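Residue numbers (our numbering): 57 to 250. C-beta atoms are modelled at their ideal positions from N, C-alpha and C, and glycine is treated no differently. Bear in mind that the values here come from a model prediction, so they are computed numbers and not experimental data. Heads up, the thing below is written out as structure tokens.
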């Protein structure tokens, strides 16, 4: 008696194949990739005249400043800074903050899951219940509590690095740490993402 043939298995489509079938998803992905490339590349390609602050306090959109003769597509703000350059530079910063937050979340989640899986048993159960409790708290409430609790510690940490940098004559690091002091709440929010 001949062997019966095994039933044929149809391979499940992977994520990319599913995405390619959805036209709206492909358009949205292309739009996001395009925006990301524009935010990363265009600020480097803009002429220096757009990056400079002009003495004209305000230039309306699609007009040129008198002294630079550079066309300001989105105009300038009250300080004479080109709005197009500021929007693109801000988009680059926003992308960076999002990527850093995602990477921090990835590292913490991976390490936590590895420790939980390696320990197993009651420790695993306790760690997973902790995650469930944290997931049950609304994220904005968690961030507000974290900012209120850690605000002074973050300021002290930034001040400590700034003083250490100044003591060792690291002027670049000292100035960047001084700049970070104003963003202590943003630093706490980045750490709390995930």
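Under the three-state reduction of DSSP, which class applies to residue i: helix, strand or coil?
{"i": "residue 138", "result": "strand"}
{"i": "residue 155", "result": "helix"}
{"i": "residue 88", "result": "helix"}
{"i": "residue 206", "result": "helix"}
{"i": "residue 127", "result": "strand"}
Residue i lies in the alpha helix (DSSP H); which residues open and close that run?
{"i": "residue 75", "result": "71–77"}
Is the beta carbon of residue i less than 8 Å from the beta carbon of residue j?
{"i": "residue 147", "j": "residue 95", "result": "yes"}
{"i": "residue 130", "j": "residue 143", "result": "yes"}
{"i": "residue 172", "j": "residue 184", "result": "yes"}
{"i": "residue 99", "j": "residue 145", "result": "yes"}
{"i": "residue 92", "j": "residue 151", "result": "yes"}
Open item on the list: As an exercise, report each continuous alpha helix (DSSP H) stretch of at least 4 residues that is fully enclosed by the segment 153–196, in chain order.
Closed with: Entirely contained in the segment 153–196, the alpha helix (DSSP H) runs reaching 4 residues are, in chain order, 177–192.
- [ ] Could you tell me whether the segment 74–86 touches the segment 125–142, where touching means 3 or more Cβ pairs closer than 8 Å?
- [x] Too few Cβ pairs lie closer than 8 Å, so no.
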